[in-house]
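Here the structure is laid out as structure tokens; the discussion comes afterwards.
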Amino acid sequence: MTSIGILQIAVLFTALLLLIKPIGIYLYRVYETPTPFPLFNRLEGKLLNWCCFKPEQQSWKAYLKSLLIFNIMGIVILFCIQRLQHFLPFNPESFQAVPWALALNTAVSFVTNTNWQAYSGELTMSYFTQMVGLTWQNFVSAGTGMAAFLAFSRGLSRHATSFQDILLGNFWVDLLRSVFYVFLPGAFIIALLFISQGVVQNFSPTLEITTLEGGREFISMGPVASQEAIKILGTNGGGFFGANSAHPFENPTPFTNFLQMLSMILIPGSLTYTYGKMIQSQKQGWSIFIAMAILSLIGILAVYYFESQPNPLLHGLGLDQTPGNLEGKEVRFGILGSALFANLTTDTSCGATNCLHDSFTPLGGLVLLLNILIGELVFGGVGVGLFNMLLFIIISVFMAGLMVGRTPEYLGKKIEGKEVRFAILSIAIYPLIILVGAAISVLSPSALASLHNGGPHGFSEILYAYTSAAHNNGSAFGGLHANTSWYNLSLALAMFIGRFFPIYLGLSIAGLMVNKKIIQPNAGTFPTQGGLFIGLLIGVILIVGALTFFPVLAIGPFIEYIDLWQGRSF
Amino acid sequence: MKKEFLIALSVSLITLFFTGVVYPFLITQIAGSLFPHKASGSLIKNGQGRVIGSELLRQNFKNPSYFFPRPSAEKSNLAPSSKLLVTRIQERIVEIKKINTNPIPIDLVTSSASGFDPHISVEAALWQAPQIALYRNVDLNRITALIERLREDPQFYILGESRLNVLELNLTLDASFGAPVGSL
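Residue numbers (the numbering used here), protein chains in the order written: chain A, 401 to 970; chain B, 5 to 188.
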């Protein structure tokens, strides 16, 4: 660990702090005012006309129905594009149709904002598929995440009366505004900044060159920057190339690396401010942000420390291991630029990688796993991060209520049995998907054949795969050969349930909450702001979110750590 | 239900058209006029106008008169506890430890994440300098001066690490001291 490394962390968080308020206000204006920009008002009207609908308020059931229909249609369209790519234009490498299991996995993966990739883009996908199929879903899956959050938070914050119980907003309006007012302009600016640093953007075929020494090498090309920008801003994470953000054509300089990390947490961080405005209490918004920042910083410092350690198996070989564990990391980013990126990409549901998580030290990798396992609510994915955080807030308020022995309330609304059951269920579904998926894989010889590393680390590879899929992260312990029918199908199922089941539960809580009477706060009300609340929230996240997984983490990373320091290798 | 289906279809097609077609083509157009060199891969051409590489991508160097980059262009994904990792590193040490007996900087024996890492650390370049000086038959000081001149410091003073681009180093070596015997 170096002082310049710590300084880079400070610069990143300062930049984030400066941007939260302006972006947060902008987002509030986009979503919570009837006509956000008078200039674009007519344009929006035309757009809605084309799409043949009137922007009427929807009940939670109607909102959810629209969301599900749109997403399932997205899976179908994306699947078809991949299966038909050899008939479609912009395919200079003449790639064949994507095999059906992989195509299904990829379709579910990009629609659920996971962007798990069992393929290398430059060897599998035509430019048409990348651009029209995958880039498109990068935008709208991020929009879906925002919509889910908006409906949920409106259910909590709006004060509906009994005759108006359809007040969660309109899914289509929320989606279109996300795409046209938030992600398109943002991605446009970021893409141009990326290109100015060296990210490629062209339609040239792969270039074959003769090197200085006379060897032959291939240079992959493509419309990379346009996809890269939304990949990061929408916390998608699916790379144009197999090497993702480690590839110099996706992430050429330390500045693009910084920009990627900032863009990843920008919208999820700013949403805490937007939420503060929605519930008319900035203090509560900031309290949520502080809880996130504390959890994030703990993780960052831990990963940075562990990755700065030398590998004990390499002692006595005559190596200078001063920088730390550089296996699977790029020189231009160094340990800090890799550790920070890895931590933020697992804090959020982004899952883009600029280093090989598989080659991390056992405890460094453990922190990454934990970040995902606690629910990706440290900033989290666009929209869904704060969505998950709100579920944990409901549980925290319930726990506080248990301690003092009275009915808990949040934002002046009583939280009753049904809401708490739904919130707990949305968290308990993950151990079910992850542990069952990993257990079946461990028992099946054909699934074990996909392992790249042996010993406890091999187990971690499988555990990471199901964790990443269920929580819609998309990063991987990349050694695992996941392009098999078993992994493609089981992980696709994990991604689908992990995405839509909690959205269903969250929206039904919103439906229950929107009609409740407002109670004036009194001496017995637990304040959902300030130090005490932040402490309780962090405690609940760590205990409820992570405790279930301690046994599996002991079998994987912990044993690997002990073995490594005793000099055992596999 | 049928109405919802139609709305979903039209919203899909409209967003697909704007984000999947208009946006990438617009970016490509603007990139082509503002940053033509960067958008097409930061390619380097030789005197005859033939592309010999990209400023951003690693290429292989085996000739001992050239600086060599980090190992093979393949993603290793090996865990720290992997036997194969230790074996690979031991083989690599035997391969490169010929001239200089000082401790080898770790980046020279470990694979990068992309396999395309164009850089080595400043320590790694300095470690290789005696070999270059020997094979090119020039004074060591001239090589270290060259390394000092070409080193890239952290961007804006704080971002990233100090580093050297291996292809750029070797092109400058050729420009300063002539191409080595037996190369193109």
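Built from N, CA and C at the ideal position, the CB exists for glycine as well.
All figures in this text were calculated on a predicted structure; none of them were measured in a lab.
Segment limits, alpha helix (DSSP H) that includes residue i
i, result
"Lys465 (chain A)", "460-483"
"Leu671 (chain A)", "654-678"
"Arg140 (chain B)", "126-140"
"Gly57 (chain B)", "Careful: Gly57 (chain B) lies outside any alpha helix (DSSP H), inside the beta strand (DSSP E) at 55-58."
"His857 (chain A)", "855-870"
"His41 (chain B)", "40-43"
"Thr414 (chain A)", "403-432"
"Arg442 (chain A)", "441-450"
"Val511 (chain A)", "500-511"
"Ile735 (chain A)", "734-747"
"Asn106 (chain B)", "From DSSP, Asn106 (chain B) is part of no alpha helix (DSSP H); its letter is neither H nor E."
"Asp758 (chain A)", "Segment: none, Asp758 (chain A) is in no alpha helix (DSSP H) and carries neither H nor E."
"Met789 (chain A)", "784-804"
"Thr19 (chain B)", "6-19"
"Tyr70 (chain B)", "Taken as a continuous stretch (DSSP letters only), Tyr70 (chain B) belongs to no alpha helix (DSSP H), as it is neither H nor E."
"Ala348 (chain A)", "Outside the shown range of chain A, which is 401 to 970, sits residue 348 (chain A), and nothing can be said about it."
"Ser557 (chain A)", "536-557"
"Ile589 (chain A)", "584-597"
"Ser180 (chain B)", "170-181"
"Ser850 (chain A)", "Premise fails: Ser850 (chain A) is in no alpha helix (DSSP H) and is neither H nor E."
Extent of the continuous beta strand (DSSP E) run through residue i
i, result
"Thr610 (chain A)", "607-610"
"Glu49 (chain B)", "The question names Glu, yet the displayed sequence has Lys at residue 49 (chain B). Start and end: 47-49."
"Ile619 (chain A)", "616-619"
Cβ of residue i within 8 Å of any chain A Cβ
i, result
"Gly53 (chain B)", "no"
"Phe9 (chain B)", "yes"
"Glu127 (chain B)", "yes"
"Val135 (chain B)", "According to the sequence as given, residue 135 (chain B) is Gln; it is not Val. Judged by the 8 Å Cβ criterion, Gln135 (chain B) is not in contact with chain A."
"Ile147 (chain B)", "no"
"Thr19 (chain B)", "yes"
"Tyr27 (chain B)", "yes"
"Asp143 (chain B)", "no"
"Tyr58 (chain B)", "Looking at the sequence itself, residue 58 (chain B) is Ser, so the reference to Tyr does not match. True, the Cβ-Cβ gap to chain A drops below 8 Å."
"Ser37 (chain B)", "no"
Local Cβ density within 10 Å of residue i, reported as buried at 16 or more and exposed below that
i, result
"Asp747 (chain A)", "buried"
"Lys729 (chain A)", "buried"
"Ser403 (chain A)", "exposed"
"His41 (chain B)", "exposed"
"Leu188 (chain B)", "Per-residue confidence for Leu188 (chain B) stands at a pLDDT of 43, beneath the threshold of 50, marking its modelled position as unreliable; the derived number appears in the next sentence. Exposed."
"His852 (chain A)", "buried"
"Phe21 (chain B)", "exposed"
"Phe360 (chain A)", "Nothing about residue 360 (chain A) can be reported from this structure: the residues present for chain A run from 401 to 970 only."
"Asp157 (chain B)", "exposed"
"Gly751 (chain A)", "buried"
"Arg806 (chain A)", "exposed"
"Val532 (chain A)", "buried"
Interface flag, residue i vs chain B, CB-CB below 8 Å
i, result
"Leu427 (chain A)", "no"
"Asp574 (chain A)", "no"
"Ile694 (chain A)", "no"
"Arg616 (chain A)", "no"
"Thr653 (chain A)", "yes"
"Ala625 (chain A)", "yes"
Exercise. If contact means a Cβ-Cβ distance below 7 Å, which residues of the stretch 633-650 of chain A contact chain B?
Worked result: Ala643, Ala646, His647, Pro648, Phe649
Problem set entry | At least 3 beta-carbon pairs within less than 8 Å: the stretch 879-895 of chain A vs the stretch 502-514 of chain A | yes
Problem set entry | the stretch 616-627 of chain A touching the stretch 637-649 of chain A, judged by at least three CB pairs closer than 8 Å | yes
Problem set entry | Members of the stretch 66-94 of chain B near chain A, C-beta cut-off 9 Å | Lys66, Asn67, Tyr70, Arg74, Ala77, Lys79, Ser80, Asn81, Leu82, Ala83, Pro84, Ser85, Ser86, Lys87, Leu88, Leu89, Val90, Ile93, Gln94
For this session: Check whether the stretch 827-839 of chain A touches the stretch 938-955 of chain A, taking contact to mean three or more Cβ pairs, one atom from each stretch, closer than 8 Å.
Result: yes
Exercise. Should the stretch 26-41 of chain B be called in touch with the stretch 468-485 of chain A, which here means at least 3 C-beta pairs below 8 Å?
Worked result: no
Exercise. Can we say the stretch 105-119 of chain B touches the stretch 719-727 of chain A, given the rule of at least three CB pairs closer than 8 Å?
Worked result: yes
For this session: Determine which residues of the stretch 157-187 of chain B have a Cβ less than 8 Å from any Cβ of chain A, and write them out in chain order.
Result: Pro158, Gln159, Phe160, Ile162, Leu163, Gly164, Glu165, Arg167, Leu171, Asn174, Leu175, Asp178, Ser187
Problem set entry | Interfacial residues, the stretch 852-879 of chain A to chain B, with Cβ spacing under 7 Å | His852, Asn853, Gly855, His857, Gly878, Gly879
Exercise. Touch check for the stretch 642-651 of chain A and the stretch 114-128 of chain B: three-plus C-beta pairs under 8 Å?
Worked result: yes
Exercise. Along the stretch 574-595 of chain A, what residues have a CB closer than 9 Å to any CB found in chain B?
Worked result: Leu575, Leu576, Val579, Phe580, Phe583, Leu584, Ala587, Phe588, Ala591, Leu592, Ile595
Exercise. Touch check for the stretch 917-927 of chain A and the stretch 525-538 of chain A: three-plus C-beta pairs under 8 Å?
Worked result: no
Problem set entry | the stretch 871-886 of chain A in contact with the stretch 514-532 of chain A per 3-pair CB rule at 8 Å | yes
Exercise. Would you call the stretch 56-70 of chain B and the stretch 164-174 of chain B touching, i.e. three or more CB-CB distances under 8 Å?
Worked result: yes
Exercise. Counting Cβ pairs closer than 8 Å, one from the stretch 740-756 of chain A and one from the stretch 418-426 of chain A, do we hit at least three?
Worked result: no
Exercise. For the stretch 83-93 of chain B against the stretch 144-152 of chain B, are there 3 or more C-beta pairs whose distance is under 8 Å?
Worked result: no
Problem set entry | the stretch 767-787 of chain A contacting the stretch 860-868 of chain A, beta-carbon criterion three pairs below 8 Å | yes
For this session: Tell me, please, whether the stretch 441-451 of chain A touches the stretch 951-970 of chain A by the rule of three or more beta-carbon pairs shorter than 8 Å.
Result: no
For this session: Could you tell me whether the stretch 835-852 of chain A touches the stretch 880-887 of chain A, where touching means 3 or more Cβ pairs closer than 8 Å?
Result: yes
For this session: Scan the stretch 102-116 of chain B for residues whose Cβ lies nearer than 7 Å to a Cβ of chain A and list them as they occur along the chain.
Result: Pro107, Ile108, Pro109, Ile110, Asp111, Val113, Thr114, Ser115, Ser116
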